Amino acid sequence: MSVADHISSQDRLSVTLVFALLSHAVIILGVTFSYAEPQLPEMLPSLDVILVQRKSDTPPEDADYLAQASQQGGGTELERVRPQSPITGQVPKPDPGLAPVPLAPANPTPQQEQPAEVLTTRLAETKVAPTEEKKPVPDRTQPTAQELLQRSMEIARLEAEIGRELQAYAKRPRRKFISANTREFEFATYMQAWVAKVERIGNLNYPAEARQRKLEGSLVLTVAVSRDGSIEAIDVIQPSGYPLLDEAAIRIVRMGAPYAPLPEKIRDKVDILHITRTWQFLPGAVLRHN
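Okay, here's the thing in structure tokens:
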């Protein structure tokens, strides 16, 4: 009887279980996993600068971005938005824009060779073809200097259109419109002092021609005063009917500039104050506001 005959199935099962337990113990206790932190490359410091197209005389108190010049704002958005290009590349547009009129190439585009005409007569037995030498057709795979120039002009047009469509400023200035009906104390007080100064300057510098011609009339004028008291714009809302009086009113406003800076309470709410008043040129060379 051999040794294999003494090994029963129970012994085989026991040996198998022992090896299985040892294998699992080695795998569970001996094999471990760890998380390796990714090594990020060191990044060089960068500086974000926005190019602006206008410059303000007075720098902003609390700047939103860095630029090559101080700029108070003047865009179309209430929130702080970074200016960016509305499109991602130089994509042709259907409208012609400001591009120059396309010019015809200096050299005519070569055409396919036409078959030579054959001259024949009714009685002739042979045909005579012209013996013109065939001119080689130049290879037009490479663009000519004229085509390169035209493409450069089209690219310049696209860049100009993109530049016009860029949002030039990040934040729209806060504006406030006031008139003789304004009841708010801080605005009414500033407007009263402003009107007093304008009337004093206007009566001292009443237009001589209007006094000689005894012109009378009234007009509605809106003056935009910046935070520092400078004049941003002057608009004639309702003319007097006499261009002389309209021009005199505008000249008087500019003579009084700069006006007092906007008070701190107003600057917290408004960047540009629009004052709308009625100007009256009365008999006796008297200027009055209503």
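According to my numbering, the sequence shown is numbered sequentially starting from 1. Just so it is clear, CB atoms sit at the ideal spot from N, CA and C, and this is done for glycine as well. Bear in mind that the values here come from a model prediction, so they are computed numbers and not experimental data.
Spatial neighbours of residue i in its chain, beta-carbon cut-off 6 Å, leaving aside the 5 residues before and after
i    : result
V223 : I234, V253, I275
S70  : S56, P59
Q280 : S218, R288
V195 : H289
E184 : none
Chain-order list of residues whose beta-carbon lies under 8 Å from that of residue i (same chain, five-residue window excluded)
i    : result
E186 : P263, K265, I266
L282 : E216, R288
N203 : A285, V286, L287
D62  : none
Rounded distance between the beta-carbons of residue j and residue i, thought under 8 Å
i    : j    : result
V286 : K176 : About 30 Å; that fails the 8 Å criterion.
L215 : Y242 : 5 Å
I178 : L273 : 7 Å
E199 : R288 : 7 Å
P261 : R227 : 6 Å
Three-way DSSP call (helix, strand, coil) for residue i in this model
i    : result
T16  : helix
W279 : strand
A25  : helix
V286 : strand
K176 : strand
L158 : helix
L66  : coil
L273 : strand
Y242 : coil
K135 : coil
D268 : coil
T144 : coil
S56  : coil
L149 : helix
T182 : coil
S9   : helix
E247 : helix
Q192 : helix
Beta-carbon contacts of residue i that lie in its chain and below 7 Å, excluding the five residues immediately before and after
i    : result
A257 : S230, I231
A248 : P207, A210
A188 : T182
D246 : L219, V236, P239, S240
M191 : I178, T182, I275
N205 : I252, M255
A180 : R277, N290
T88  : With a pLDDT of 46 at T88, under the threshold of 50, the modelled position of that residue is not reliable, and no figure is offered here.
A193 : A260
T16  : none
| query | Where in the stretch 196 to 238 do unbroken runs of the alpha helix (DSSP H), each at least 4 residues long, occur, reported from the N-terminal end onward? | reply | Entirely contained in the stretch 196 to 238, the alpha helix (DSSP H) runs reaching 4 residues are, in chain order, 208 to 213.
| query | Okay, do the stretch 209 to 220 and the stretch 234 to 251 touch, 3+ Cβ pairs below 8 Å being the bar? | reply | Flag = yes, the stretch 209 to 220 and the stretch 234 to 251 touch.
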